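Enquirer:
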Amino acid sequence: MLAWRETVFLLRGVKRRAGEVTESVVALHPVSGRRALRHNWLPLLSMFWGVALFSYLYGVGSQEYDLFPADLVHAAVVPAKKAVATVIGHVSVPYAKTTAKQTITVLKPEAMQPGLTMLSGVGDRGALFVKLVDAQGRAHHTWDLDFFSHWPNPVHVPADERPKQRPGTHIHGMSLSPNGDLTFNYEYLGTMQVDICGRTKWRLPRQTHHSLFRDEDGYFWTSEAKIAHQPRPDLPGYKPPFFDYKILKVSPQGKVVEELDMFNVIQRSGYTGLLYQMSQDNDRPQVTGDTLHVNRVEVFPASMTPGIFKPGDIMVSMRNINTVIVIDQRTHLIKTVIAGRFVRQHDTRFVDGSTISVFDNNNIGAPDEQASSRILLYSVAHNSEKVLFEGNAEHPFFTYIMGKQHQLENGGLLVTEAVKGRAIEVDREGHVVWTYNNIIKDGLAGLLEDAQRIPPGVLSEARLAELSAACPKADKP
């Protein structure tokens, strides 16, 4: 650092002296003054560009080969990024501008799938909520899920990753039981179950995130991502800090009964190349950070007719490598890889024994107003795709991160345009029939992570009212 400061001082000294000489020469001899100016500045400019080029090359080399001051830069940058993430609760966009004026728009009520809609989002002043609304937007039940109240001492989360202020996190992944129990993820902070009154039933102290799937036996499947600060011998070229990914199978009582190490699954299956797709190094590929970004886990159900996919197969979506894999649950080996048909995708789902649906964020060119996300139907058997919905001029549809999509019993879709705070229901022809906007105030919408239509057979308005009536008065929303 001393040499750099001396160089800066020298440059400033030359500049001042050159300025003094140039001014006196120009005043007496205009032509010779310009020559003097060039004469004095050319060495200075040459030295400046030489220092700049050397600094750039050394900077690149220091990061590549861990030379000084790579450790100091890393030590300063990483905590700064974590500090920002802590303040905003891993949500860079809890609010966004909106032109929507109405919370609810019902365009074709006869085409709507019956049932209440369960919504998760960010409300006013960083409030986290899950609520059940009817077609007109009336809230029949609301869970206030403030993280600091429900999980006051998250010791399982490293101190520098714990949120410091509201919202602190967001709800990413949720499942409602017929008895009114709500199970959900606090993004990267843990999974929790509360009853209809909002009282805690259990907590899972793992850094779970993004999705929560309940299988036919009542087990929950989710993913965990922890920051690894030490190298792993089985991952050459992985430079700490990097995310360590696990798939978790959780009992109805909130206990982990099985977990899969994603790095191990990928390597054992012979797909090691997937682990290094984010590297641009030719001689020795190196990667760091969020190399895969697991964002969806789902299990193929026994109630669905098998094909290429069989009951128990595990589908995993990995956003940062634009890839979806299907794992044989018995061998824990990859049986299917789908890559490159979508961009930064989310929320993949089984449709039949050989077909999946994908929320294709398709965020190329974002934030260009012409960018459009898509819901794709992809057939593994035929290597073909069909666009189910991508919006239009009247109903543009785009979210560059997050997003959910649910196939409805009547053949329609319920999708979530997360960043813009909007849920959209479309019929089987792709026509918009209903929308919900999470409006905070005029011109401002809150994040809306998910919208799920709850069939009346699972939880009707009458049954919900009956369950809510049993809550102590202070617990009622």
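In our numbering, the protein residues as written are 4 to 480. Note that the Cβ used here is the ideal one computed from N, Cα and C, for glycine as well. Bear in mind the structure is a predicted one, so any value in this text is a computation, not a measurement.
(1) Answer yes or no: do T402 and A426 have a C-beta to C-beta separation smaller than 8 Å?
(2) Between the C-alpha atoms of V290 and S226, what's the straight-line distance to the nearest angstrom?
(3) In the DSSP assignment, find the beta strand (DSSP E) that holds F151 and state where it starts and stops.
(4) Mapping DSSP to helix, strand and coil, what is T275?
(5) Considering only DSSP beta bridges, list what F303 is partnered with.
(6) Using only the alpha-carbon positions, how far apart do R344 and G449 sit?
(7) State the start and end residues of the unbroken beta strand (DSSP E) segment that holds S123.
(8) Nearest to E262 by CA position, among V268, I269, R271, K252, is which residue?
(9) In three-state DSSP terms, what is V268?
(10) Could you tell me which residues DSSP puts in a beta bridge with S312?
(11) Could you please give the first and the last residue of the uninterrupted beta strand (DSSP E) stretch that includes R456?
(12) Below 8 Å on the Cβ atoms is my guess for M121 versus V133; work out the distance and round it to an integer in Å.
(13) Looking at the strands, I want to know which residues DSSP matches up with T339.
(14) Looking at L380 and S360, is the spacing between their C-beta atoms short of 8 Å?
(15) Report buried or exposed for R322, applying the criterion of at least 16 other Cβ atoms within 10 angstroms of its Cβ.
(16) For G176, which residues from the same chain have a beta carbon less than 7 Å from its beta carbon, with the 5 sequence-adjacent residues on both sides left out?
(17) For H159, collect the residues of the same chain with a Cβ closer than 6 Å to its Cβ; drop the 5 residues on either side in sequence, then sort them by chain order.
(18) Looking at the unbroken beta strand (DSSP E) that takes in E388, where does it start and where does it end?
(19) Using a Cβ-Cβ cut-off of 8 Å (strictly less than) and excluding sequence neighbours within five positions of I457, which residues of its own chain qualify?
(20) Return helix, strand or coil for I91, following the three-state DSSP convention.
(21) Only counting the same chain, and skipping five residues up and downstream in sequence, which positions put a Cβ closer than 6 Å to that of S272?
(22) With a CB to CB cut of under 7 Å and the five nearest residues on each side skipped, what residues in its chain are close to L277?
(23) Threshold first: 3 residues or longer. Then list the beta strand (DSSP E) segments lying entirely within the stretch 397-450, N to C.
(24) CA-CA distance, A2 and A103?
(25) Give the list of continuous beta strand (DSSP E) stretches no shorter than 3 residues that lie fully inside the stretch 195-273.
(26) What does a CB cutoff of less than 8 Å around G257 pick up in its chain, not counting 5 residues either side in sequence?
(27) Measuring straight from C-alpha to C-alpha, what distance separates V1 and D363?
(28) In chain order, what residues of the same chain have a beta carbon less than 6 Å from the beta carbon of G140, not counting five sequence neighbours either side?
(29) Helix or strand or just coil, what does DSSP make of A99?
(30) Taking only three categories from DSSP, how would you classify R38?
(31) Please say whether P181 and V461 have beta carbons closer to each other than 8 Å?
(32) Alpha helix (DSSP H) containing A472: first to last residue?
(33) Report the rounded CA-to-CA distance for G406 versus R202, giving the unit in angstroms.
(34) Can you tell me which of P304, V340, N267, D430 puts its alpha carbon nearest to the alpha carbon of R235?
(35) By how many angstroms is the C-alpha of T438 removed from the C-alpha of A228?
Expert: Taking the geometry as given:
(1) no
(2) 21 Å
(3) Unbroken run through F151 is the alpha helix (DSSP H), 150-153; no beta strand (DSSP E).
(4) Here T275 sits in helix by DSSP.
(5) Paired residue(s): none; F303 is not in a bridge.
(6) 30 Å
(7) For S123, the uninterrupted beta strand (DSSP E) run begins and ends at 119-125, by DSSP.
(8) K252
(9) helix
(10) This sequence places Phe at residue 312; Ser is not what is there. In DSSP, F312 forms no bridge with anything.
(11) 451-457
(12) 7 Å
(13) The beta-bridge partner set that DSSP reports for T339 consists of V329.
(14) yes
(15) buried
(16) F187, N188, H213, S214, L215, T225
(17) P208
(18) Start and end: 387-392.
(19) G118, L119, T120, M121, L135, L179
(20) Residue confidence is low: I91 scores 36 on pLDDT, short of 50, so the model does not pin down where it sits. Its coordinate-derived value is still stated next. For I91, the three-state secondary structure derived from DSSP is helix.
(21) Cβ within range, chain order: L336, I337.
(22) I269, I324, T326
(23) 407-410, 416-420, 425-429, 435-440, 442-444, 447-449
(24) No answer is possible for residue 2: it lies beyond the span of the chain, which begins at 4 and ends at 480.
(25) 203-207, 211-217, 223-231, 241-253, 259-264
(26) Closer than 8 Å at the Cβ level, and outside the excluded window around G257, lie T194, Q196, K204, W205, R206, L207.
(27) The requested residue 1 is not part of the displayed model; the chain covers only 4 to 480.
(28) T106, I107
(29) strand
(30) For R38, the predicted model reports a pLDDT of 49, less than 50, meaning its position is unreliable and no value from the coordinates is stated.
(31) yes
(32) 464-472
(33) 28 Å
(34) N267
(35) 33 Å
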